[in-house]
Amino acid sequence: MIESAYPVVSHDGSVIQMMRWSNSGNKPKLHWAHATGFNAKTYTPLLRELLPHFDVHTWDMRGHGESRSAGNPKTFRGWSTYYQDLIAVLDQASEPMLLAGHSIGATTSLAAAAQRPHKVKGLVLVEPVLLDPKQGFALRLANWFGFADRIAMAAAAARRRASFPTHQDAFENYRSKKAFGTWSDEWLQAYVEHGFVPSHNNEVELACPPSWESLTFQHTEPNAARWIRDPGCPIHILAASRGSTFPATAHAHIQKHLPKAHIEVIADATHFLPMEHTGLVVQRICDLAKK
């Protein structure tokens with residue numbers, strides 16, 4: 001499905017690997033940004049449905065997938081590093097584009113759009129990490145007192161099993177996990193197939209090392225309001241009704257900064273909303289492109 005791959009050199013010289021999924025210059029240009037611990041190809045079931053409508057581009061965030069060699073803890077400055085990486089992508093793009101993404105990918109898309117509004121035509125943010133003030137304060141305390149690595153998501157990521165004998169073993173392991181209970185076999189197969197790469201001992205290992213995933217969670221953005229600026233383009237936010245990273249308690253706070261953004265809460269959805277409601281996400285991106 002991927003027509004070509006190309007690198008983007010970021011602000012600090014790190015190389016971010018990009019993929020173009022279709023070679024169609026007469027369709028709207030769209031960039032999709034993945035969530036922590038995944039990579040672009042995890043979303044193959046979603047991207048496949050977007051291809052008839054868009055010239056689709058994706059990245060693998062530094063430390064993830066094809067960009068895993070760019071994951072250097074010594075040069076990592078929290079999520080602002082990812083923001084700067086996507087700004088570099090926009091700066092080197094030949095024309096403005098639509099931005100869409102999931103979780104940190106949505107947050108990063110919003111942050112980059114705030115800095116480069118003239119390069120962005122619209123935003124679809126699926127389960128962005130936009131916390132309410134109380135949650136943000138708890139995160140800041142964790143960082144101030146040096147126990148960010150004990151945050152539930154960070155601790156769980158650090159304990160994640162890093163390798164399996166085969167892709168099939170990984171699939172069977174994840175298929176039995178409650179966390180992946182809402183994923184179809186197609187989605188889980190895409191994650192396992194592309195989320196694990198050959199290791200030196202003839203096994204397969206995570207393309208995003210658990211240590212890097214944990215580090216990213218440790219630096220979860222505590223206060224999005226400090227950098228949010230209305231980019232002046234259409235914005236549609238999809239939030240889950242259960243376990244959301246954009247809880248209802250944060251909606252009013254974010255709406256003050258993005259008064260024209262439309263927030264839609266999806267009943268029966270979890271943070272894995274793109275996997276659970278793929279058709280809906282595709283439709284919302286298509287709808288936004290028409291505005």
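If you count the sequence shown from 1, position 277 lands on 277 in UniProt numbering, and the numbers rise without skipping.
Virtual Cβ for every residue (Gly too), placed ideally from N, Cα, C.
State the DSSP-derived secondary structure class of M97, mapped to helix, strand or coil.
strand
Please state the DSSP three-state secondary structure of A207.
coil
Pair within 8 Å by beta-carbon distance, A154 and Q218
yes
Opening and closing residue of the alpha helix (DSSP H) in which W183 lies:
Looking at the DSSP string, W183 is not in any alpha helix (DSSP H), and its letter there is neither H nor E.
To the nearest angstrom, report how far apart A114 and A106 are at their CA atoms.
12 Å
Report the option in S14, R160 and S67 whose CA atom is closest to the CA atom of H34.
S67
Quick one: grab the DSSP three-state call for D60.
coil
Decide yes or no for the touch test of the region 232 to 245 against the region 188 to 204: beta carbon pairs closer than 8 Å, at least 3 of them.
no
For R77, which beta-bridge partners are listed by DSSP?
W79
Exposed or buried, which one is A170 when buried takes at least 16 other CB atoms within 10 Å?
buried
Among residues of its own chain, excluding the 5 on either side of D60, which ones have a beta-carbon nearer than 6 Å to its beta-carbon?
Q17, N39, A40, E66 and S67
Between which two residues does the beta strand (DSSP E) containing F246 stretch?
Unbroken run through F246: none, as it is neither H nor E.
Mind checking who F171 pairs with in its DSSP beta bridge?
Note: F171 sits in no beta bridge, so no partner.
Environment of H31 [buried if 16+ CB atoms lie within 10 Å]
buried
Give the DSSP bridge partners of Q17, in chain order.
P7
Secondary structure at F164, three-state DSSP: helix, strand or coil?
strand
Touch check for the region 257 to 275 and the region 230 to 239: three-plus C-beta pairs under 8 Å?
yes
Whole-number beta carbon distance between S4 and Q84, since they are thought to touch under 8 Å:
Actually they do not touch by this definition, with Cβ atoms about 24 Å apart.
Alpha helix (DSSP H) runs contained entirely in the region 28 to 72, provided each spans 4 or more residues
44 to 50
CB-CB length for L55 against S109, believed under 8 Å:
Looking at the sequence provided, one finds Asp at residue 55 rather than Leu. In fact, because the Cβ distance is near 17 Å, the residues do not count as touching under 8 Å.
Find out if the Cβ-Cβ distance for the pair A225, H271 is shorter than 8 Å.
no
Can you name, in chain order, every residue of its own chain whose Cβ lies under 8 Å from the Cβ of R284, other than the five neighbours on each side?
V124, H236, L238 and E264
Our contact map puts A162 next to P209 with C-beta atoms below 8 Å; I'd like the distance itself, whole angstroms only.
7 Å
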